[in-house]
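Start counting the sequence shown at 1; every next residue gets the next number (this note's numbering).
Note that the Cβ used here is the ideal one computed from N, Cα and C, for glycine as well.
Computed from a predicted model, the values in this text were never measured in an experiment.
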Amino acid sequence: MKELDVFRYLKKYRAVIAGLSVLTGILFYIVAQFHIQQYTAITVIEYTGSRAEEGYSPDGKKIDTTEIYATNLVAQALKKLDVDDTEATIDSIRMNIHVEPVITEEDLLVQQSKLDNGEKDYEINPTQYVVSFNCGVSNGKEYPRKVLNQILQEYASYYGKTHVNTSLAANPVSDITTKGYDYLEMAEVMDDTLTSITEHLSDKVEWNGEFRSSRTGYSFQDLKDEFEFIQDVEVRQLFSEILAGQVTKDRDLLLEKYRNRNNDLSISNSAVAFEIEKIRGIIGAYEDAMGDFSVPVTNADGESQGNPLQNNVLPDVYDDGNSDEDGNWIPVDRTAEYDQLLMAYIEDRTLYEHNLIDNDYNNYIIDVFTKAPAVSLEAGQQSIQAEIACLAEKINALQSIYYETNDEYNEYLGAQNIMMLSSVRVTERFPVLIFTVLIVVIFGALGCAGAALFGRIEDFIEYYAFTNKVDGLPNRAKCDQFIAQREHRPIMGNFVCVVFKLANLQKENARLGREAGDRMIKDFVEIITSVFAPSNKVFVGNNGAGQYLIFAESMDKEQVIAALFQVGIVLEERSRERGYHIDLKHGYAYAEEEQCFYIRELLSIAMKRVGTENDPKKPETTVV
């Protein structure tokens, strides 16, 4: 049996090992990269508001990081990215967004110290959070980056609008012509709307007058000036034209509305007047109590310095609930209650005066339209209607610019209060390329081990099933196998078949003994295998009964003749040394010379020539 030679096995199966390893690596890469791999977009944000370290947003509400992946924000982000925004997609994205606080060792040490000192309610309020979004590879590596970026932009805008910025003024002018108002009422609605808008804009100018939208080109001051111009010039002109022309859709209905307004004002002022008198009574009681509870103060010379309130309190006037268990009154400072009474008085008095002003305005309108015709001329109505429509369109257009400017302002405020400490980066779940290389290496190692094992098994099979035990050459079964593998395909022209025959093997065995006969066979095999070196191109086998076959796929005729001659010379010398006699016969057939290109036919020709006389087509027989 052949010796154990791992390198021989590896050489034999190197192509299979390499092919399977590479194929496994390719399959693993495809499956991992396109089915198993995941991308993670990740960034770090920090809340920078004035109360962020306390855990609160600027409006005093607790910071809620779940707002980052709220359904409406995710839907808005996907819509802007032109991505499928179905409920399933939104839910899938929300489930794969994670927000984790960044808690340092210092924070933990401070917490532990507070707890050790008995502050059981102390809690860490992190300002930094890691925001991540996981997804598959179906949409590409840039998909998670775009989605997370857009969601954070939407969140910044939402945070600015909800927790920093004030609400926008409503715009009832948008559909004013469809609500059944009379012309004068439309003008009033426009005037009230513009007043509300300019008040909101005044607040924004005070907060950040330098802000200017990059989208609209407007600042809040610019918008305020525009709205004020419309109110002070165009709306006032509209009022003037309506009143001067007494333009109305239905005079009687309009007069009834204003009379009803006055009735409502009268009822309101009656209630307000009652509250005013009540408060004035309470204030009078305070003033009386001031004298009762004053203590004269004198200087060192005994001169009076006034009568300040004792403890600045006025008991039993407005609130008498401050007493101890024995019923003794406990002095407290109630100046705040007095201030509240004054503020309530001022508010009620202001409302009362405003109602009087509104009543006078309503009376003026009633007086103007009492003398008007029941229905205005159609031409006048059309003119006013067109003017109102044009003015409403102008207000609506400017309001749209205001909304867009405010949206950008919200984003600005969000960015001022939420800072991205790092750009969004995308990482892979695992390095596919490195794992692929490892898989190739592992399978290559397994292939080498398998090749060694399989090669050794082949050696065992080859030895026990296809090897002659005496000479170690392939036996007859192997020879038949070799021939059968090639009999159905043509052979090359330089293919040669050589047949050797040990004619006197049995006689020599009988004469010298079996052991000596085996020695003779081994010597012969050693000689022919050295001359016809077995390889992929040369097959040397024992065909049984002292007959040996040699198939060479790339020997020319001169090489064959030289080899036969060398075998004869070496065998003759070996026979003299060993003391045995070999009657060796041979025959050969050269495919190109014989014009025979099938192995069995060529072998038949060679076998027929064994022992024939020597001529150009009949190889010589050598007897040693």
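| Check | Outcome |
| --- | --- |
| For D82 and I242, the rounded distance between their alpha carbons | 49 Å |
| L653, DSSP secondary structure in three states | Nothing in the structure corresponds to residue 653, since the chain is present only between 1 and 624. |
| Residue of I151, E226 and Y218 minimising C-alpha distance to K80 | I151 |
| F524 classed as buried or exposed, judged by whether at least 16 other C-beta atoms fall within 10 angstroms | buried |
| Close beta carbons around P308, own chain, < 6 Å, minus the five adjacent residues each side | Unreliable positioning characterises P308 in this predicted model, as indicated by a pLDDT of 49, which lies under 50. A coordinate reading is not provided. |
| Segment contact, 8 Å Cβ cut-off, at least three pairs: the region 26-41 with the region 137-155 | yes |
| V567 versus Y9: straight-line alpha-carbon distance, rounded | 31 Å |
| Beta bridge counterpart(s) of A273 as assigned by DSSP | Looking at the DSSP assignment, A273 forms no beta bridge with any residue, so it has no partner. |
| Endpoints, beta strand (DSSP E) assigned at I548 | According to the sequence as given, residue 548 is Tyr; it is not Ile. Unbroken beta strand (DSSP E) run through Y548: Q547 to A552. |
| Cβ separation of H586 and V531, assumed to be a contact under 8 Å, to the nearest whole Å | With 8 Å as the limit, H586 and V531 do not qualify as a contact, their Cβ atoms being about 12 Å apart. |
| Coil, strand or helix - V497 by DSSP | First, the residue type needs correcting, since residue 497 is Cys and not Val in the sequence shown. Strand, per DSSP. |
| Inter-stretch contact (C-beta, 8 Å, three-pair minimum) for the region 554-572 and the region 487-497 | yes |
| Spatially closest choice to S268 from I442, N359, P490 and D252, by CA coordinates | N359 |
| Candidates Y598, Y13 and I439, of which the one nearest Q485 by Cα | Y598 |
| V313 to D222 span [Cα, whole Å] | Note that V313 scores 43 on pLDDT, short of 50, meaning its location in the model is unreliable and no value can be drawn from it. |
| F565, DSSP secondary structure in three states | helix |
| beta-carbon P373 near the ligand ADP non-hydrogen atom, thresh 7 Å | Looking for the ligand ADP in the displayed structure turns up nothing, as the structure carries no ligands at all. |
| Simplified DSSP assignment, three categories, for M492 | coil |
| M555 - containing beta strand (DSSP E), residue span | Here M555 belongs to no beta strand (DSSP E), and DSSP marks it neither H nor E. |
| Length of the line joining the Cα atoms of Q416 and N410 | 10 Å |
| Inter-residue CB distance, I45 and Y56 (contact presumed, cutoff 8 Å) | Actually they do not touch by this definition, with Cβ atoms about 16 Å apart. |
| Three-state secondary structure (DSSP) of I230 | helix |
| 6 Å CB neighbourhood of G450 in its chain, flanking five on each side removed | none |
| Residue environment, T370, which counts as buried when at least 16 other CB atoms sit within 10 Å | exposed |
| Secondary structure of R609, DSSP reduced to three states | coil |
| Three-state class that DSSP yields for S219 in the structure shown | strand |
| Alpha-carbon to alpha-carbon, E106 and E119 | 17 Å |
| C-beta atoms of N396 and V189 nearer than 8 Å | no |
| Rounded separation between E3 and A32 - CA only | 42 Å |
| G49, buried or exposed, once every other Cβ within 10 Å from all chains shown has been counted against 16 | buried |
| Sequence-distant residues of its chain with Cβ nearer than 6 Å to R476 (five each side left out) | N543 and G544 |
| A415, DSSP secondary structure in three states | helix |
| Inter-residue CB distance, Q381 and V235 (contact presumed, cutoff 8 Å) | No, Q381 and V235 are not in contact; Cβ-Cβ is about 19 Å, not under 8 Å. |
| Per DSSP, cross-strand counterpart(s) of C544 | Note on identity: in this sequence residue 544 is Gly, with Cys being the wrong assignment. Per DSSP, Q547. |
| R94 versus E100 - alpha carbon distance | 15 Å |
| is_contact[A451, chain D] using C-beta, thresh 8 Å | This model lacks chain D altogether, as it is built from one protein chain only. |
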